[in-house]
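Numbering (this note's numbering), first residue to last: 38 to 501.
One structure is given below, encoded as structure tokens.
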Amino acid sequence: MPVLLWVLLGLMWILPPAALSQQTNVVIAPGTGTATFGGQGYLWLSQFANPGILGALYQTPTFPYTGMYQLYPGNFMRVVEEAGVKAGPFSLHPHVGVAEMYTDNVLRTTNKRSDFFTTLAPGLQAQLPFGARHLFVMDYTSNLQFFHRTPSNNVQDQTITGATRLDLASGLKIDLQGEQKMGHDPRGSALDLQTPELNKWSATSFIGRAQYEGGVMGTTVNVQSVRWHYLNNGQAPIRDRLSNYLGLTLAAKALPNTSFLLDFSVRQESYDDNKNLDNTIYTASTGARWEMTGNASGEFLVGYQHLRFTRAAVDQQGPVLSLFRRDQDSYDNLFMMGKLRWSPVANLHITVQPYRTIQQTVVAGTAYFTATGVNLSTAYPLGMRMELTTNLGYEKDAFSSQSGTTAATTARTDTLKNAAVGLNYRAVQWLGIGLQYVFEDRSSNAREFRYQANTAMLSAQGMF
């Protein structure tokens with residue numbers, strides 16, 4: 038067993054609760070679910086497109102204070118609410134995490150190979166309040182992973198973010214965020230091509246949100262633009278693109294604690310070279326947001342999504358781009374998205390997230406896939422310093438074929454199941470320790486994409 042694992046285990050004994058001079062409740066890491074409304078932007082809602090839903094899924098640890106490193110762009114960063122370290126007008130929040138993980142299937146394939154790997158995660162957030170109600174934030178986070186037996190999986194993910202939050206006296210709230218991210222496609226995701234080296238990329242993004250809540254009516258506008266550039270495995274000609282998103286949510290209060298919702302969005306993909314995949318997805322849906330009692334709340338949308346390819350299909354040049362063909366110019370199906378929260382007993386928090394979305398694909402011979410699934414997570418404090426978390430996920434991914442429904446061969450279909458259980462422990466005011474186990478199972482009618490994996494993680498994180 039690696040030395041680091043023994044060090045982390047030792048921390049749990051060196052810093053027992055009885056030795057602490059300050060009584061504080063256990064820190065619950067930021068919610069791992071993507072916000073359903075009011076700023077989701079270009080939504081990576083699928084479990085296997087947004088690993089933030091599942092914790093240690095994708096061989097990326099969950100830290101007690103900052104949660105999981107956001108692998109993909111598209112979400113507003115978490116603003117640390119604690120006091121921090123004062124440096125003139127700035128409030129500084131340095132943090133560092135270290136995790137040791139073990140998996141029995143490091144490549145997420147039918148040929149299992151086990152490995153230990155270490156994650157280092159230094160970071161810093163600087164906050165500058167101005168104008169009494171506004172805030173400027175600069176943030177740096179990282180996910181540096183080193184595999185003992187499989188160095189081709191090593192990554193150095195880093196994110197630099199600048200954000201401005203305006204809270205105007207009129208009730209209008211405006212969030213603006215720019216971000217530069219170096220990332221990768223994790224093993225086992227629908228974007229993993231099972232190449233010897235992980236797919237790596239850089240993404241430059243801008244996110245904006247304007248939100249107004251009146252007495253009866255409310256409006257939220259979201260915009261996002263992401264410029265993707267792929268760095269290896271010959272992915273640039275296939276996947277380099279500009280992604281744009283515009284969303285509008287209208288809320289009308291029907292009861293004191295219930296609002297009806299109308300939601301409209303347009304999501305556009307413009308590829309540099311792979312022009313057969315240029316497309317726009319239009320979504321229109323309706324639903325409600327409610328807080329019927331003190332222990333039950335939720336949001337839910339259901340509607341229609343329409344995928345329209347921008348250009349007429351052509352025979353593209355080259356041995357790779359020529360594989361991306363299609364005979365359909367459009368596709369329609371049901372859209373669904375929700376987040377339902379319930380506390381049946383004191384301190385037990387249950388969250389259910391159903392979803393159905395169209396996702397982009399990178400598999401030759403396909404143009405898109407539809408992800409339909411549900412995620413169930415729970416959190417329950419065990420005393421003052423420890424929290425028990427669980428997660429169950431189910432998803433079905435239905436891929437298009439290059440010839441649509443008339444294909445001679447059956448289109449790829451994956452069924453994904455996963456379960457996770459974890460403990461978060463607050464040793465002292467600034468130090469947290471986490472333990473987590475995750476089981477993954479992907480069955481597929483394409484044998485090369487089937488796998489099962491067991492992953493265990495022990496982490497420690499200090500934050501000021």
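Cβ atoms here follow ideal geometry from the backbone N, Cα and C, with glycine treated the same way.
Since the model is a prediction, treat every value here as computed from it, not as a measurement.
Item checked: Closest residue to Asn259 among Phe127, Ala163, Gln248 and Val253 (Cα-Cα distance) -> Gln248
C-alpha distance - Thr492 paired with Ala349, whole-angstrom precision: 45 Å
DSSP three-state call for Ser359: helix, strand or coil? helix
**Message:** The alpha helix (DSSP H) that contains Arg276, what's its start and end?
**Reply:** Ala273 to Arg276
**Asked** What are the boundary residues of the beta strand (DSSP E) that Met175 is part of?
**Response** His171 to Phe184
query = Can you give the Cα-Cα distance for Lys451 and Glu485, rounded to whole angstroms?
reply = First, the amino acid is wrong: residue 451 is Asp here, not Lys. Near 11 Å, if we compare the C-alpha coordinates of Glu485 and Asp451.
task = Take the Cβ of Val529 as the centre, count every other Cβ of all protein chains shown within 10 Å, and call the residue buried at 16 or more, exposed below.
result = The shown model of the chain, from 38 to 501, leaves out residue 529, and the question about it has no answer.
- Query: Are Ala464 and Val135 closer than 8 Å when you measure CB to CB?
  - Reply: no
> From Leu344, Trp379 and Asp352, pick the residue whose C-alpha is nearest to that of Asp366; which is it?
Replying inline: Leu344
Looking only at C-alpha atoms, which of Ile275, Ala401, Lys210 and Asp300 sits nearest to Thr286? Asp300
Drop a sphere of 10 angstroms on the beta-carbon of Met421, count the other beta-carbons inside from all chains shown, and report buried for 16 or more, exposed for fewer.
exposed
Margin query: Give me the residue from Asp369, Ala321, Val357 and Gln390 with the minimum Cα distance to Ser334.
Written below: Gln390
For this session: Could you spell out the range, first to last residue, of the beta strand (DSSP E) harbouring Ser242?
Result: Lys237 to Glu250
Any idea what DSSP makes of Asn384, helix, strand or coil?
-> coil
- Query: Over what stretch of residues does the beta strand (DSSP E) that includes Glu336 continue unbroken?
  - Reply: Ala333 to Phe346
task: Tell me whether Gln498 counts as near the ligand ZN, meaning its Cβ is closer than 7 Å to at least one heavy atom of that ligand.
output: The ligand ZN is not among the ligands present in this structure, which contains no ligands whatsoever.
Excluding sequence positions up to five away, which residues of its chain have a Cβ less than 6 Å from the Cβ of Arg304?
Tyr282 and Ile318
Tyr106 to Leu268, Cα distance in whole Å? 20 Å
Work out the CA separation of Pro356 and Ala129 for me, nearest whole Å. In the sequence under discussion, the amino acid at residue 129 is Leu, which differs from the Ala named in the question. About 51 Å.
- request: Sort Asp352, Thr178 and Ser307 by Cα distance to Gly160 and report the nearest one.
  value: Thr178
Could you check whether Ala456 and Leu419 sit closer than 8 Å to each other, using their CB atoms as the reference points? no
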